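Protein sequences, first through last, are from chains A and B. Just so we're aligned, residue 1043 is where the first sequence starts under the working numbering, counting upward by one. Just so we're aligned, residue 251 is where the second sequence starts under the working numbering, counting upward by one.
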Amino acid sequence: MTQTSVLEARARIDALRAAIARRYRLFEVRRHTAGADWQRIDDVSEPFDWDAPLPLSGAKRFFFPQRDALVRWEGGRVEETLPAPPPFALFGLRSCDLEAIGYQDQFFATDPYYVRRRERALLVGVNCTRACAGGFCREVDAGPFARQGFDLNLTSLPDGRVVVEIGTRLGHAVCADADLTVTELDAATRAGFDQARADAIASFPARPFVRRAIARINAADTGINGVDWTAFGPSCFACSGCSNVCPTCSCFTVVDEARDNAGERVRYWDSCLLEGFQREASGYHPAPRPADRVRRFWYHKFSDDFTAELGRVGCVGCGRCDTACLGAIGAERVLGALGAQG
Amino acid sequence: MLLGTNGQRAAEIRPHLEHPVSRGQLCVKGWNAAQCLRDPARLTTPLLRRGALLEPCSWDEAFGAAAAALRAARADGGPDAVGLISSARATNEDNFAAMKFARTVLATNNIDHCARVCHAPSVAGLQRTLGSGAMTSSIADIDRADCVLVWGADTTESHPIIGARILSAKRRGARLIVVDPRRTRLATFADLHLQLRLGADIPLANAMVGLILEHGWEDARYLAERCENLAALRNSLDGFDLAAAEARTGVPAAHILQAARWYATTTRASLIYGLGVTQHVCGTENVIALSNLALVTGHIGIEGAGINPLRGQNNVQGACDMGALPNVFSGYQAVTDVAARTKFEHAWGVGLPDTPGLTTLAMQRAAHDGTLRCMLIMGEDPVITDPAQTHVTRALADLDCLIVADMFLTDTAQRADIVLPVASWAEKDGTFTSTERRVQRIRRALQPPGAARPDWAILEALAQRLGRSMGFRSAQQIFDEMTALTPLYAGMTYTRLDRDGLQWPCVDETDPGTAVLHREQFACGKARLIPVTDTPPAELPDAAFPLQLTTFRLHQQYGSGSMTRRAPLLERENPRGLLWIHPADAATHGIDDGCEVVVRSRRGEVKTRSHVSTEVPRGVVAMPYHFREAPPNLVTNDALDPLSRMPELKVCAVALERCR
């Protein structure tokens, strides 16, 4: 464990939030009539919602928005529209989303639009102390307790105390602002923390099929082609929901939006499930059938061909694609079918 | 669906996890819905024709010109020399304002909208049989069905959220029967696909009803207690011949029998249908045939069942409900009904016209004949979406003045004398009524671009210019006036609609709305069984035009594409116009995949590209209608259903030739 601080009561968390809000625009997940979403918090006297569900729209839009202007021109004048947001804090990131941000940090490491936003962000995690409905983070090493990728990470213990892990100097600085004392965990607190983690893990239903399915996708002799993907093809509506809600998906398309002599070059989220994504100018398509595109999507999520470069599988087990998919072929359903096959 | 904004820009679309229908899901059109909002081609000022050019002008000039044109047409030809087309994409408030504008300011019942070319036969047919022309169940009700019979509806493409729900019912174990001439995606999942010939819906439905009565699978108690006219129906099917039905429909007798048995003997059996049923010269009778089928089996008025026309546009249900139709005020109150008319006259303080007005196509014909002089078209693009395009363009050219209000300079707007820029769904307050009769709020998230205004505000300003203000100052005020005059909506307020909306009928402020219609009794008391007989398509293939053309929609596009084709990801998905053709027909015509081909009918010709596929049967070719580059409406038939004035968009005879 990294440096820690222990708060005697959950209520003390407000001092931390207030300290953060002095330096950063504070965003937290709030429940409203349309579900739960990241919202700007102007008034930190509103209590923090420890039990807020995982929002269907993840945190990636803070760094890689659906629509991102890259260049603007008017007449002969061209300017790069690099973002310069004021510093902002995402307070309450779950471990799956922290893992996903770490994954995208590598993918976008040299992308100035992503990096300029990312370097202005403070990431505050909150460990999940019990399972959410559709998540299987524990099967893909993405939770329920975060291991890395946070500036601060909070764990609410059953006795009402909160363990604050400090991941970075930024995290340290806001703890100092909030007058939190940095301490080593004593043995009893440490045991309480370990027990909370064990309880959290145990609260997830076991899904052994996930590891079996990933093993099949990576079978030495056949790889991804050892799985029969044809049955999944007709179920794909090509709605792009899976890739849009996926916190690790990063594909985009670039278009010019222009009229007369002025316009913008913009990038939009793209999706490899769309037919046009891989179609070549000649009309040739390397993944001509929907089943080929479904296979390609899961290949990129789970194949060892990519874990070497990005350090982990491309799925963090958040379960969002299972909600968004019109054809019931989100991660859990697909892995379930694969893990049951063969 | 949630729209995220960044200043005055639409930044993102987010699914709505708690919505009772979508439950966190969106189709690809939903995910890409924001991209047309700030398209550089949005109209931002009114335009006025000066010679060959449409030139920007002020609202004052535009209203002045529009008022003068409307006055001149009325002075010349009386109130019925003008006509108004309203929009199924606009809000209930816009549509209510349009119908009030037509009836009070213009003093005509010449008002219609695109329901004429989608579900006018449902309104006409189900009104006759059940007393109410809308989905009798709810979308969530599909979750409770044990048998789903989908007839002429390509739900996974045209209504993906509903299609997904049907597939989920199938995975749960419900039986799925699909009736469609094309092998749709849904058909590939079905337990039974009845691949009937184009225009053979009545003989197929009648055969199923005949078999049901013959085998005693009908719901005798339901028929006795809740329906009338069974004897006539029985008589009409007396001596019906299954072998003849097989020969006529092209569906094996065993499959007809199986479908009839499954549908009739399952208590919770839902019948869902689409434009494959309505867009025929016998569209209303097709609907009545399906209504007979649902009634003899007792499948209306209970959970998990119903007869459910799927409306195509975001607010086509609402546009009908609001009375943007030539024969009814809001809530289907007939203009010929003295009591209803008196109520509206009293509320509005003006005498109202008492004879039904002209439908869309009748207005076009009247324009051609010279009796209709001026048309105001709000948010529709009939040049692309109506049949027999050459007739449409000629009719519009024959008008003294064409006024078009739209977000974009559509093919129709390009022909206008006055063009008015309108606010989009994201730029105004109001309500939409979904296909399941759910009235829901939309809320303004952005300023309209430039000078654009909501339809209702344009109509109010124009009314004032004509010296007859409608007194409208806000969307909410219009809604409140509408609910006071419309019993179906009487219990609704913006406050009550706030979260999940309400399904009509909702008659007072304590009414929770209605998920399933006709539970205790039908809207018309007892349901009417009405015998219908086979009416073949108006145009059958012959030596000169040996193939049948049908039309359909693609998952990625909406209507004429004026909005969806501005989304780069959607536009990338499909070539601009395609003709689906069976491999055997392709071989006969020397056509390979991707060839340029000419499709000819008695009305015109269109160039497009071939897509060789077994999704269509031999002898049938199919075209989506979203693409102005290759509009099938250059060749479609404008023969009309006499009961609903619906043109036969789903079938006509064509000849095919490869371009050399």
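Just so it is clear, CB atoms sit at the ideal spot from N, CA and C, and this is done for glycine as well. In this text the structure is predicted, and so the values were computed from the model without any measurement.
query: Can you name the residues of chain A whose CB is closer than 8 Å to the CB of G274(B)?
result: Against the second sequence, residue 274(B) aligns to sequence position 24. Result: G1077, L1098, T1365, A1366.
- prompt: From the beta carbon of F1294(A), is the nearest beta carbon of chain B less than 7 Å away?
  reply: The residue labelled residue 1294(A) in the question sits at position 252 within the first sequence. Closer than 7 Å: no.
- prompt: Mind listing which residues of the region 424–455 of chain B have their C-beta closer than 8 Å to chain A's C-betas, in chain order?
  reply: Within the region 424–455 of chain B, the residues whose Cβ lies closer than 8 Å to any Cβ of chain A are, in chain order, R435, T438, F439.
- prompt: Hey, is P265(B)'s beta-carbon within less than 7 Å of any beta-carbon in chain A?
  reply: Within the second sequence, numbered from 1, the residue matching residue 265(B) stands at position 15. True, the Cβ-Cβ gap to chain A drops below 7 Å.
field: Y1326(A) (DSSP reduced to helix, strand or coil)
entry: For the purposes of this step, residue 1326(A) is taken as the residue at position 284 of the first sequence. In this structure, DSSP gives Y1326(A) a state outside helix and strand, which the three-state scheme calls coil.
task: Look at the Cβ atom of R1239(A), then the Cβ atom of F1178(A), and state whether they are nearer than 7 Å.
output: One-based indexing of the first sequence puts residue 1239(A) at position 197. One-based indexing of the first sequence puts residue 1178(A) at position 136. Between R1239(A) and F1178(A), the gap from beta carbon to beta carbon reaches 7 Å or more.
query: In whole angstroms, what separates the C-alpha of I1143(A) from that of M813(B)?
result: Against the first sequence, residue 1143(A) aligns to sequence position 101. Against the second sequence, residue 813(B) aligns to sequence position 563. When rounded, the separation of the alpha-carbon atoms in I1143(A) and M813(B) is 34 Å.
- request: Write down the C-beta distance between A450(B) and I506(B) rounded to the nearest angstrom, noting that I regard them as a contact closer than 8 Å.
  value: As a first step, residue 450(B) is located in the second sequence; it is residue number 200 there, counting from the start. As a first step, residue 506(B) is located in the second sequence; it is residue number 256 there, counting from the start. The pair is not a contact, with the Cβ atoms about 11 Å apart (cut-off 8 Å).
message: Going by the DSSP bridge assignment, what does Q690(B) pair with across the sheet?
response: Taking the first residue of the second sequence as position 1, residue 690(B) is located at position 440. Answer is F682(B), bridged to Q690(B).
field: is_contact[P671(B), chain A] using C-beta, thresh 7 Å
entry: Residue 671(B) sits at position 421 when you count from the first residue of the second sequence. Chain A contact via Cβ: absent.
field: Rounded C-alpha distance that separates L1132(A) from F1149(A)
entry: Residue numbering aside, residue 1132(A) sits at position 90 when the first sequence is read from its first letter. Residue numbering aside, residue 1149(A) sits at position 107 when the first sequence is read from its first letter. Answer to the nearest angstrom: the Cα atoms are 20 Å apart.
task: Using a Cβ cut-off of 7 Å, pull out every chain A residue sitting near P699(B), in sequence order please.
output: The sequence position of residue 699(B) within the second sequence is 449, counting from 1. By Cβ distance, chain A contributes nothing, its closest Cβ being about 12 Å from P699(B), past 7 Å.
- prompt: What is the DSSP secondary structure of A1229(A), counted as helix, strand or coil?
  reply: Here residue 1229(A) is taken as the residue at index 187 of the first sequence, counted from 1. Correct three-state label for A1229(A): helix.
query: What's the gap between the Cα of P265(B) and the Cα of L1098(A)?
result: Taking the second sequence and counting its residues from 1, one reaches residue 265(B) at position 15. Taking the first sequence and counting its residues from 1, one reaches residue 1098(A) at position 56. Roughly 8 Å between the two C-alpha positions.
- request: Mind checking which residues open and close the alpha helix (DSSP H) that includes P1154(A)?
  value: Within the first sequence, residue 1154(A) is the residue found at index 112, counting from 1. Looking at the DSSP string, the run of the alpha helix (DSSP H) that includes P1154(A) is 1154–1160.
query: Per the contact definition of three or more C-beta pairs closer than 8 Å, is the region 687–700 of chain B in contact with the region 743–763 of chain B?
result: Output reads yes: the region 687–700 of chain B touches the region 743–763 of chain B.
- prompt: Does the beta-carbon of G705(B) have 16 or more other beta-carbons within 10 angstroms, so that it is buried, or is it exposed?
  reply: Stepping through the second sequence from its first residue, residue 705(B) is reached at position 455. Per the sequence shown, residue 705(B) should be read as Asp rather than Gly. With 16 or more other Cβ atoms within 10 Å, it is buried.
query: Would you call D1039(A) buried or exposed, if buried means 16 or more other Cβ atoms sit within 10 Å of its Cβ?
result: In the structure as shown, chain A starts at 1043 and stops at 1384, and residue 1039(A) therefore has no counterpart that could be examined.
query: Is it right to say S1047(A) is buried, meaning 16 or more other beta carbons lie within 10 angstroms of its own, or is it exposed?
result: Sequence index remark: in the first sequence, residue 1047(A) carries index 5 (1-based). It counts as buried.
Residue span of the alpha helix (DSSP H) that contains D705(B), given as start and end: Numbered from its first residue, the second sequence carries residue 705(B) at position 455. Its alpha helix (DSSP H) spans residues 705–715.
message: Give me, in chain order, the residues of the same chain whose beta-carbon lies closer than 7 Å to that of R447(B); leave out the 5 immediate sequence neighbours on both sides.
response: Here the question's residue 447(B) lines up with position 197 in the second sequence. Short of 7 Å from the beta carbon of R447(B), and not among the five residues preceding or following it, lie these beta carbons of its own chain, in chain order: P431, T499, G500.
- prompt: When the Cα atoms are used, what is the spatial distance from L709(B) to E731(B)?
  reply: Locating residue 709(B) in the second sequence gives position 459, counting from the first residue. Locating residue 731(B) in the second sequence gives position 481, counting from the first residue. Roughly 16 Å separates the two Cα atoms.
field: Residues of its chain near G1384(A), where Cβ-Cβ distance is below 6 Å and the 5 sequence neighbours each way are ignored
entry: Here the question's residue 1384(A) lines up with position 342 in the first sequence. For G1384(A), the pLDDT reaches just 49, beneath the cut-off of 50, and the residue's location in the model is therefore unreliable, although a value from the coordinates is still provided. Counting only Cβ-Cβ distances below 6 Å, and skipping sequence neighbours, we find nothing.
message: To the nearest angstrom, how far is the alpha carbon of T685(B) from that of A788(B)?
response: On the second sequence, residue 685(B) is found 435 positions in, with the first residue counted as 1. On the second sequence, residue 788(B) is found 538 positions in, with the first residue counted as 1. Each residue's Cα considered, the two are about 29 Å apart.
query: Which ranges does the beta strand (DSSP E) cover as unbroken runs of at least 3 residues, wholly within the region 1123–1155 of chain A, from first to last along the chain?
result: List check, beta strand (DSSP E) in window: 1130–1135.
query: If you draw a straight line from the alpha carbon of M613(B) to that of G568(B), how long is it in whole angstroms?
result: Working through the second sequence from its first residue, we reach residue 613(B) at position 363. Working through the second sequence from its first residue, we reach residue 568(B) at position 318. So the two alpha carbons sit approximately 22 Å from each other.
- prompt: Closer than 7 Å, CB to CB, is G1384(A) near chain B or not?
  reply: The count along the first sequence starts at 1 and reaches residue 1384(A) at position 342. Legend: pLDDT at G1384(A) = 49, less than 50; position of this residue unreliable, value from coordinates given subsequently. Answer no: the Cβ-Cβ gap between G1384(A) and chain B never drops below 7 Å.
- prompt: How big is the Cα-Cα spacing for A482(B) and E464(B)?
  reply: Position 232 of the second sequence, counted from the start, is the residue given in the question as residue 482(B). Position 214 of the second sequence, counted from the start, is the residue given in the question as residue 464(B). For A482(B) and E464(B), the distance between alpha carbons rounds to 15 Å.
- request: Over the uninterrupted beta strand (DSSP E) stretch that includes W830(B), give me the two end residues.
  value: Here residue 830(B) is taken as the residue at index 580 of the second sequence, counted from 1. Where W830(B) is concerned, the enclosing beta strand (DSSP E) stretches over 829–831.
- prompt: Do S1137(A) and G1185(A) have their CB atoms nearer than 7 Å?
  reply: Working through the first sequence from its first residue, we reach residue 1137(A) at position 95. Working through the first sequence from its first residue, we reach residue 1185(A) at position 143. Yes, the Cβ-Cβ distance between S1137(A) and G1185(A) is below 7 Å.
- prompt: Are there three or more Cβ pairs, one per stretch, closer than 8 Å when the region 1083–1091 of chain A is compared with the region 1266–1282 of chain A?
  reply: With a cut-off of 8 Å, the region 1266–1282 of chain A and the region 1083–1091 of chain A do not count as touching, because too few Cβ pairs lie within range.
- request: Check whether the Cβ atoms of Q529(B) and L899(B) sit closer than 7 Å, and answer yes or no.
  value: Working through the second sequence from its first residue, we reach residue 529(B) at position 279. Working through the second sequence from its first residue, we reach residue 899(B) at position 649. For Q529(B) and L899(B), yes; Cβs fall inside 7 Å.
- prompt: With 16 other CB atoms within 10 Å as the buried threshold, where does A470(B) fall?
  reply: What you label residue 470(B) is simply residue 220 of the second sequence in a count that begins at 1. That one is exposed.
message: I want to verify the contact list: residues of chain B whose CB lies under 8 Å from the CB of F1000(A), in sequence order.
response: With chain A covering only 1043 through 1384, there is no way to say anything about residue 1000(A).
query: Grouping DSSP H, G and I as helix and E and B as strand, with all else coil, what is N564(B)?
result: One-based indexing of the second sequence puts residue 564(B) at position 314. If DSSP states are grouped into helix, strand and coil, N564(B) belongs with coil.
- prompt: Mind checking R816(B): buried by the 16 CB within 10 Å criterion, or exposed?
  reply: Translated into the one-based positions of the second sequence, residue 816(B) becomes position 566. Label assigned to R816(B): buried.
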